[in-house]
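Residue numbers (this note's numbering): 293 to 801.
For every residue, glycine included, the Cβ atom is placed at its ideal position computed from N, Cα and C.
If you're wondering where the values come from, they're calculated on a predicted model, not measured in any experiment.
One structure is given here, and the rest of the page talks about it.
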Amino acid sequence: MPQTLLQLQDISKRYAGVRALDGADLTCHAGEIHAVLGENGAGKSTLIKVIAGVVQPDAGRILMDGVELRLASPNVARDHGIACVFQELSLVPDLSVAENIFLSRPPRRRGLIDAKAQQAQAAALLAMLGCGDIHPRERVRDLPLSRRQLIEIAKALSLKPRLLILDEATSALSSEDVERLYTLLFQLRVRGVGILFISHRMHEVKALADTCSVFRSGRRVDSFVGGSRSDAQVVQLMIGRDVAKTYPPKTGPAPWAQPAISVQGLGWPPALHDISLEIKAGEIVGLGGLDGQGQRELLLALFGVLKGVQGKVQVFGQLRRDLAPHVCKGPELGIALIPEDRKTEGLILPMSIRENMSLANLPALTRLGMLSAAAESSAVARMVEQLRIKIGDAQDPVQTLSGGNQQKVVIAKWLMAQPRVLLLNDPTRGIDVATKQELYALLRELAARGVAVLLYSTDYEELIGLADRVLIMYEGRIARTLAGGDISEHAIVASSLNVSPGGREAATV
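Here's what the structure looks like:
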């Protein structure tokens, strides 16, 4: 009989009239990978914050090794061997990698921080995660999101936890990093560490979970052995209704459709080199390739964020040398960008849901020089309903929402502006299965209206199911273009490694 490590009994928590947890219970055993599943807003984030000591429950009991605990703060939770990797990163950008990893409990010698030991221990943890390319003295600010995510995991491992909680910890990682993390989690399981794993990626749950618990409306509705339920059955438990995991039919651009964006010889060394592409009105073009091959920089360049970009960019037939975010989002061009990191690039966290959602569309909501409260409220309510954003009140700070619902607010903000060109950087990261289906249908609906879509996704299945064409990037260049029946997982993976589908190294073009 496995040893019971953690028990939650009848946990309840309410926020400003919204019941986040309603008599929730959960049991996790030592040496078990336990997946916690549920829609955005089902209570998963609040549950792990309660376990991590970040949030105090209104009622209920928490037991570890059969002993009731009062986890009054994250430090108390850490004292009991609980470490958490939250979906939103908690790193200090201007500190080094090593300083971030040991921020709460640095190694000391004679009462002072032992910098040499700190760097050595950080290097060992990074090597354990398979990312020895990260130097412990590097500033976190200078690293891409995928590397920062690994540092967050290393930070949790530095505590030598008995219970490790991972909240969407793989969402920003490359496929290679995910495989390394799998190996590490299996090793921790053998050592008797209990692991709570929160993910919306069903293939990860299948690969890892010994046990699955499904939450809905703040309560656990079922627990079962990993792999004993089909995807459809799990999704039905999560949302209380059937959702067919299908992609809308690909219609492609109309034969007479004109190019919305044409790029010739675009460069921004050292990240981008000699990129030429064309996206027609009504076309969904996917961006593929391993993480960090220039996809993010290409989207930023097309939105006018980067300075010193070389080459020519035409928008609806006009050569534009004045690209800047305020120009791009204006009605003449109508370009919108869903950024990579919602927390730092997409939202102003202390501001309200209403203010964040209307921020990119203020001119259209203004009457006689004044913001129309009625027009704003109507537009916000329409977006909340369309994207099924779970909120208490639109006046609540957006930081009170779950990560997935925050992502929906970012998407809603730009949809309110009625874009003609939509640039998306991994938009389904941290979004539940049902909402993904709604977003897929929405993207195809937008394309049918003539919106040009450029979509970067780390999910190969999304590129295959959604894109009319897929551009594979490698070392800042477009290495290959896939279309029609050539869009397959094998072709995407091979092209991402700059290897032809037949196995030979491909020449970049």
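**Request:** Please confirm whether F507 and G335 have their CB atoms less than 8 Å apart.
**Result:** For this step, residue 507 is matched to residue 215 along the sequence shown. For this step, residue 335 is matched to residue 43 along the sequence shown. Yes, they are a contact pair.
**Item:** Beta carbon of N648 nearer than 8 Å to that of V690
**Value:** Translated into the one-based positions of the sequence shown, residue 648 becomes position 356. Translated into the one-based positions of the sequence shown, residue 690 becomes position 398. Going by beta carbons, N648 and V690 fall inside the 8 Å limit.
**Asked** What are the complete beta strand (DSSP E) segments, minimum 3 residues, inside the stretch 602 to 681?
**Response** Whole beta strand (DSSP E) segments, 3+ residues: 602 to 607 and 627 to 630.
**Segment limits, alpha helix (DSSP H) that includes S472** = Here residue 472 is taken as the residue at index 180 of the sequence shown, counted from 1. Inspection of the sequence shows that residue 472 is occupied by Arg rather than by Ser. That run of the alpha helix (DSSP H) goes S467 to V482.
**Prompt:** Do I779 and I756 come within 8 Å of each other at the CB atom, strictly closer than that value?
**Reply:** Residue mapping note: residue 756 aligns to position 464 of the sequence shown, counting from 1. Residue mapping note: residue 779 aligns to position 487 of the sequence shown, counting from 1. For I756 and I779, yes; Cβs fall inside 8 Å.
**Item:** Whole-angstrom distance between M708 and T538, CA atom to CA atom
**Value:** What you label residue 538 is simply residue 246 of the sequence shown in a count that begins at 1. What you label residue 708 is simply residue 416 of the sequence shown in a count that begins at 1. Spanning the alpha carbons of T538 and M708 requires a straight line of approximately 26 Å.
**Message:** Tell me which residues share the same chain as V801 and place their Cβ nearer than 8 Å to its Cβ, disregarding the 5 neighbours each side in the sequence.
**Reply:** Within the sequence shown, the letter at position 509 stands for residue 801. Residue placement at V801 is poorly supported in this model, since its pLDDT is 33, which falls under 50; the coordinates are not used for a value here.
**Message:** Residues in the same chain with beta-carbon distance under 7 Å from L383, minus the five sequence neighbours each way, listed in chain order, please.
**Reply:** In the sequence shown, the residue the question calls residue 383 occupies position 91. So the list reads N392, V432, R440, I443 and E444, once near-sequence residues are dropped.
**Request:** Determine the DSSP secondary structure at I405, reduced to helix, strand or coil.
**Result:** Working through the sequence shown from its first residue, we reach residue 405 at position 113. DSSP places I405 in strand when its eight states are reduced to three.
**Message:** Are the CB atoms of L693 and V702 within a distance shorter than 8 Å?
**Reply:** Locating residue 702 in the sequence shown gives position 410, where the first residue counts as 1. Locating residue 693 in the sequence shown gives position 401, where the first residue counts as 1. Against a cut-off of 8 Å, the Cβ pair of L693 and V702 comes out as no contact.
**Cβ pair Q699, R634 closer than 8 Å** = The count along the sequence shown starts at 1 and reaches residue 699 at position 407. The count along the sequence shown starts at 1 and reaches residue 634 at position 342. Contact flag set, yes.
**Asked** Once you ignore the five residues that flank R511 on each side, which residues in its own chain have a CB closer than 7 Å to its CB?
**Response** Here residue 511 refers to the residue found at position 219 when the sequence shown is read from its first residue. The residues are D314, G315 and A316.
**Message:** Tell me which residues share the same chain as I325 and place their Cβ nearer than 7 Å to its Cβ, disregarding the 5 neighbours each side in the sequence.
**Reply:** Taking the first residue of the sequence shown as 1, we reach residue 325 at position 33. Excluding residues within five positions, the ones whose Cβ falls inside 7 Å are L477, R481, I487, F489, L500, A501 and D502.
**Request:** Would you kindly work out how many angstroms separate the C-alpha atoms of A312 and G484, rounded to a whole number?
**Result:** Against the sequence shown, residue 312 aligns to sequence position 20. Against the sequence shown, residue 484 aligns to sequence position 192. Their Cα atoms are separated by approximately 31 Å.
**Request:** Output yes or no for whether 8 Å exceeds the beta carbon distance between Y752 and E781.
**Result:** Indexing the sequence shown from 1 puts residue 752 at position 460. Indexing the sequence shown from 1 puts residue 781 at position 489. Yes, the pair counts as a contact, with Cβ atoms nearer than the cut-off.
**Length of the line joining the Cα atoms of T338 and V347** = On the sequence shown, position 46 is the one that residue 338 refers to. On the sequence shown, position 55 is the one that residue 347 refers to. So the two alpha carbons sit approximately 7 Å from each other.
**Request:** Measure the Cβ-Cβ separation of T658 and G696 and say whether it is below 8 Å.
**Result:** Mapped onto the sequence shown, residue 658 falls at position 366. Mapped onto the sequence shown, residue 696 falls at position 404. In this structure, T658 keeps its C-beta atom at 8 Å or more from the C-beta atom of G696.
**Asked** Apart from the five residues just before and just after P642, which ones in its own chain have a Cβ nearer than 7 Å to its Cβ?
**Response** Residue mapping note: residue 642 aligns to position 350 of the sequence shown, counting from 1. In its chain, beyond the 5 residues on either side, P689 and Q691 have a beta carbon closer than 7 Å to the beta carbon of P642.
**Request:** Report the residue from A775, E668, Q295 and A673 whose alpha carbon sits nearest the alpha carbon of L455.
**Result:** Residue mapping note: residue 455 aligns to position 163 of the sequence shown, counting from 1. When only C-alpha atoms are compared, the closest one is Q295.
**Prompt:** On the premise that P719 lies in contact with G584, defined as a C-beta separation below 8 Å, what is that separation, rounded to the nearest angstrom?
**Reply:** Position 292 of the sequence shown, counted from the first residue, corresponds to residue 584. Position 427 of the sequence shown, counted from the first residue, corresponds to residue 719. Not really, about 18 Å apart at Cβ, beyond 8 Å.
**Start and end residues, beta strand (DSSP E) containing M356** = Counted from its first residue, the sequence shown places residue 356 at position 64. Segment A351 to M356, the beta strand (DSSP E) holding M356.
**Item:** Nearest residue (CA-CA) to I340, options L451, D425, E460 and Q550
**Value:** Residue mapping note: residue 340 aligns to position 48 of the sequence shown, counting from 1. Ranking L451, D425, E460 and Q550 by Cα distance to I340 puts E460 first.
**Prompt:** Can you give the beta carbon distance from A552 to K572, rounded, assuming they're within the 8 Å contact cut?
**Reply:** Position 260 of the sequence shown, counted from the first residue, corresponds to residue 552. Position 280 of the sequence shown, counted from the first residue, corresponds to residue 572. Indeed, because the Cβ distance is near 6 Å, the residues count as touching under 8 Å.
**Prompt:** Alpha carbon to alpha carbon, how far is S438 from L615?
**Reply:** On the sequence shown, residue 438 is found 146 positions in, with the first residue counted as 1. On the sequence shown, residue 615 is found 323 positions in, with the first residue counted as 1. Taken atom to atom, the span from the alpha-carbon of S438 to that of L615 is near 28 Å.
**Message:** For the beta strand (DSSP E) containing S568, name the first residue and the last one.
**Reply:** Taking the sequence shown and counting its residues from 1, one reaches residue 568 at position 276. Per DSSP, S568 belongs to the beta strand (DSSP E) from L564 to K572.
**Asked** Would you say P540 and R736 are within 8 Å of each other, going by their C-beta atoms?
**Response** Residue numbering aside, residue 540 sits at position 248 when the sequence shown is read from its first letter. Residue numbering aside, residue 736 sits at position 444 when the sequence shown is read from its first letter. The Cβ atoms of P540 and R736 lie closer than 8 Å to each other.
**Request:** With DSSP as the reference, label M708 as helix, strand or coil.
**Result:** In the sequence shown, counting from the first residue as 1, residue 708 sits at position 416. In this structure, M708 counts as coil in the three-state DSSP scheme.
**Prompt:** Looking only at C-alpha atoms, which of F394, A448 and H427 sits nearest to V377?
**Reply:** Taking the sequence shown and counting its residues from 1, the one referred to as residue 377 is at position 85. Ranking the options by Cα distance to V377, first place goes to A448.
**Item:** Inter-residue spacing [alpha-carbon to alpha-carbon] between G403 and C320
**Value:** Along the sequence shown, one-based indexing puts residue 403 at 111. Along the sequence shown, one-based indexing puts residue 320 at 28. So the alpha carbons of these two residues sit roughly 37 Å apart.
**Prompt:** In its own chain, which residues sit with a C-beta less than 7 Å from the C-beta of R472, not counting the 5 before and 5 after it?
**Reply:** In the sequence shown, residue 472 corresponds to position 180, counting from 1. Only L421 and G422 meet the Cβ criterion.
**Asked** Straight-line CA distance for R400 to K305?
**Response** Translated into the one-based positions of the sequence shown, residue 400 becomes position 108. Translated into the one-based positions of the sequence shown, residue 305 becomes position 13. Distance between R400 and K305, taken at the CA atoms: about 38 Å.
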